[in-house]
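First to last, the protein sequences are chains A and B.
Heads up: the first sequence is residues 1 to 291, going by full-length UniProt numbering.
Heads up: the second sequence is residues 1 to 305, going by full-length UniProt numbering.
Quick reminder that beta carbons are idealized off the backbone N, C-alpha and C, glycines included.
Remember, predicted model here, so these are calculated numbers, not experimental data.
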Amino acid sequence: MTSKVRAVFGMPKRLNRSFTVSLMLFALLAVFGSFMVLPLIYAVNNAFKPLDELFIFPPRFWVNNPTTENFADLINLMGNSWVPLSRYIANTLLITILGTAGHILLASAAAYPLAKYRFPGSKVLFTIVILSLMFSPHVTAIPNYMVMSWLGWINSHASIIVPSLAFSLGLFLMKQFMEQIPDALLEAAKIDGANEYRIFWSIVMPNVKPAWLTLMILQFPALWGTDGGSFIYSENLKTLHYALSQIVQGGIARAGVGAAVALLLMIVPITLFIISQSSVMQTMATSGMKE
Amino acid sequence: MHTRPAGRWSLLKRDLYLSRHYYVLMAPFMLIFFMFTVIPVGISLGLSFFHFNMLELPRFIGWQNYSRLFLGDDVFLIALKNTLLFAVITGPVSYIACFLFAWIINELSPKIRAVMTLVFYAPSISGNVFFIWLIIFSGDSYGYMNGFLMRLGVTLEPIQWLADERYVLAIVIIVQLWLSLGTSFLAFIAGLQTIDRSLVEAGTVDGIKNRWQELWYITLPSMRPQLMFGAVMQITASFAVAEISIALAGFPSVNYAAHTVVTHLMDFGTIRFEMGYASAIATVLFALMLGTNVLTQKMLRKIGE
């Protein structure tokens, strides 16, 4: 009997498992799972609510008469403003695509020697990377601003894109993953006369595709959700997330449009994760830090 | 003919020459990494001993920024207290939650496991919709929490959740926890799946009776590298709370009730342009994060002993 119930809950048979405890843990998972997912479902529902339902009292969770009006309003509203929505989307896409692709390339190139060879400075460099995981970028925000202004990058997309290329968590994960590539593979290529750049490009890179996706899933949401921080001031350089916060601040009349943009913003990284989940897991399995 | 025994320098020179391709491969990343991470840390440390407002030349003032910070700045002490509160509550709670949920999820069949992973991970990547919580905790009767409590008859009047210093910090902590199952959660799930099943079977033969013993004697020790990584991620995040506080409680929050070290840093760095003072704040934050991380790593080495 219990084995049938187990199968329903998707619990494979394991040794040393008390069924009651399994059920309790599963209930715990369900309760906290709802806490995690309900706000997101609510956000989806909100995006399809007509205005009168958004302001119904008492408030309702589910949408009764779903409508796509909010999305139409969004397009109208942004079409009338002097920087159209497409501009915000184009800016966000530029930042996200360049930042993510560049990061994967640069982090892989830097990770390959660190993962596979010992050379003067390799240990020190990797230790610095590990140490940099231990503090958040907020610590360097002030000097970063100064460096940006010296470079003349204030008010340009470079100020968002370039620093994101050297995101140290990406280098760390890529290096851990690359350590799994068998040395024999690299040596065979060397005997065939390939130089280091060729080995990197045509042997190492294709072998670390799961890690590409992982770096992507870590980098993408951050860039996709960037509001330009303290670096971008020009309206025509601003990002989608900035547009969203403007709309949300616009107050009650725009609540529906705000909900629509929120859905637009969250759906992209979540979809990306769904697509790449198994590759991401494969990479994260190598993420451990040795003592 | 004998070759001269190679001196230290010529050996290094040869090593450097042989490794030249590696440096070329690393150069682009390291250049940017040093420019926007390593050098700024140095600048921040140095600048914290100066008075600097971006207009005049920096003026050396020794430890004055630090003494002002700890002795003359009441708001900083509030920020520090809140940040430590965040670190003490959200740090361990989210860390344990990451592991606990990963551990339970690991018992499920692959398909359900994938769905549950998404459920717990999704908030942290769709993080920018945390303003949903603004609607939930909205101060009028249209707010979900107020609507819910009023319908139940618990309260008669809507509560100003985000404008009342009694509630605002707790709400920011709840939302922070909601968002905090990120990279380390994934690392734990992945790590659990790589544990050698034969180790568990051998343990059963050796007399492991239930899942708790299995957890302590087999699972946790096998997961130590992932646990280390997860700790670094969670600690760093729990000290860096700012965006959520600003989004929910405003900037500055009521009576600085949700003020953190990072929002204090933003206040002096980007609004008052007291760069030296802001750098001192950043340095204190840096020391806090690094110190806690090193301490935690030492503690984690004792697991399963």
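Cβ-based neighbour list, S184(B), same chain, cut-off 6 Å, excluding 5 preceding and 5 following: As a working note, residue 184(B) is residue 184 in the second sequence. Once the five neighbours on either side are set aside, the close Cβ partners of S184(B) are C98, G230, M233 and Q234.
In chain order, each alpha helix (DSSP H) run of at least 4 residues that lies wholly inside the stretch 36 to 73 of chain B: 39 to 47 and 64 to 71
Alpha helix (DSSP H) segments (min. 4 residues) lying fully within the stretch 251 to 289 of chain B: 261 to 266
Own chain partners of A282(B) with C-beta closer than 7 Å, once the 5 adjacent residues on each side are dropped: The residue labelled residue 282(B) in the question sits at position 282 within the second sequence. So the qualifying residues of the chain are S44 and L265.
S48(B) versus E201(B) - alpha carbon distance: Translated into the one-based positions of the second sequence, residue 48(B) becomes position 48. Translated into the one-based positions of the second sequence, residue 201(B) becomes position 201. Distance between the alpha carbons of S48(B) and E201(B) is about 56 Å.
Pairwise C-alpha distance: N80(A) and G291(B): Working through the second sequence from its first residue, we reach residue 291(B) at position 291. Working through the first sequence from its first residue, we reach residue 80(A) at position 80. Spanning the two alpha carbons is a distance of roughly 52 Å.
CB contact check: A282(B) to chain A, cutoff 8 Å: For the purposes of this step, residue 282(B) is taken as the residue at position 282 of the second sequence. It does; some Cβ of chain A falls within 8 Å.
Contacts that residue 295(A) makes with chain B (C-beta to C-beta distance below 8 Å): Only positions 1 to 291 of chain A appear in the structure, and residue 295(A) is not among them; the question remains open.
Within 8 Å, strictly: CB atoms of L179(B) and L248(B): Mapped onto the second sequence, residue 179(B) falls at position 179. Mapped onto the second sequence, residue 248(B) falls at position 248. Cβ atoms of L179(B) and L248(B): not closer than 8 Å.
Any non-hydrogen atom of the ligand SAH closer than 7 Å to R151(B) Cβ: Questions concerning the ligand SAH fall outside what the structure shown contains, since it holds no ligand whatsoever.
Contact with chain B by E196(A), beta-carbon distance below 8 Å: Translated into the one-based positions of the first sequence, residue 196(A) becomes position 196. Yes, its Cβ sits closer than 8 Å to a Cβ of chain B.
Any chain A beta carbon closer than 8 Å to N53(B): Numbered from 1 along the second sequence, position 53 holds the residue referred to as residue 53(B). It does not; no Cβ of chain A falls within 8 Å.
Coarse secondary structure for E214(B), derived from DSSP in three states: For the purposes of this step, residue 214(B) is taken as residue 214 along the second sequence, with counting starting at 1. Helix, per DSSP.
Segment contact, 8 Å Cβ cut-off, at least three pairs: the stretch 145 to 160 of chain A with the stretch 223 to 231 of chain A: yes
Local Cβ density within 10 Å of residue 299(A), reported as buried at 16 or more and exposed below that: What the structure shows of chain A is the stretch from 1 to 291, and residue 299(A) is not part of that stretch, so it cannot be assessed.
Closer than 7 Å at the beta carbon, the chain B residues around R17(A): For this step, residue 17(A) is matched to residue 17 along the first sequence. Residues of chain B passing the Cβ test: R211.
Beta-carbon proximity check, L40(A) vs S124(B), cutoff 8 Å: In the first sequence, counting from the first residue as 1, residue 40(A) sits at position 40. In the second sequence, counting from the first residue as 1, residue 124(B) sits at position 124. No, they are not a contact pair.
Cβ of P182(A) within 8 Å of any chain B Cβ: The sequence position of residue 182(A) within the first sequence is 182, counting from 1. So no, P182(A) is outside the interface.
Collapsed DSSP secondary structure at G7(B) in the structure displayed: Counting from one through the second sequence, the residue named residue 7(B) turns up at place 7. Correct three-state label for G7(B): coil.
CB contact flag (H138(A), A278(B), <8 Å): For this step, residue 138(A) is matched to residue 138 along the first sequence. For this step, residue 278(B) is matched to residue 278 along the second sequence. No, the Cβ-Cβ distance between H138(A) and A278(B) is not below 8 Å.
Chain A within 8 Å of S126(B), Cβ atoms only: By one-based count along the second sequence, residue 126(B) stands at place 126. Yes, its Cβ sits closer than 8 Å to a Cβ of chain A.
Interface residues of chain A facing F229(B) [CB-CB closer than 7 Å]: As a first step, residue 229(B) is located in the second sequence; it is residue number 229 there, counting from the start. In chain order: S287, G288 and M289.
Rounded separation between L16(B) and H241(A) - CA only: Residue mapping note: residue 16(B) aligns to position 16 of the second sequence, counting from 1. Residue mapping note: residue 241(A) aligns to position 241 of the first sequence, counting from 1. Distance between the alpha carbons of L16(B) and H241(A): 46 Å.
Cβ distance (whole Å) where S164(A) is taken to contact G225(A) below 8 Å: The sequence position of residue 164(A) within the first sequence is 164, counting from 1. The sequence position of residue 225(A) within the first sequence is 225, counting from 1. About 12 Å; that fails the 8 Å criterion.
Chain A contact residues for A187(B), given Cβ-Cβ distances below 7 Å: Position 187 of the second sequence holds residue 187(B). Correct list: M284 and S287.
Cβ of Q277(A) within 8 Å of any chain C Cβ: Within the model displayed, chain C is absent; protein chains A and B are what it includes.
E196(A): first and last residue of the uninterrupted alpha helix (DSSP H) it sits in: One-based indexing of the first sequence puts residue 196(A) at position 196. Segment E196 to I199, the alpha helix (DSSP H) holding E196(A).
Positions along the stretch 119 to 144 of chain A whose CB lies within less than 9 Å of some CB in chain B: F119, P120, G121, S122, L125, I128, V129, I130, L131, S132, L133, M134, F135, S136, P137, H138, V139, T140, A141, I142, P143 and N144
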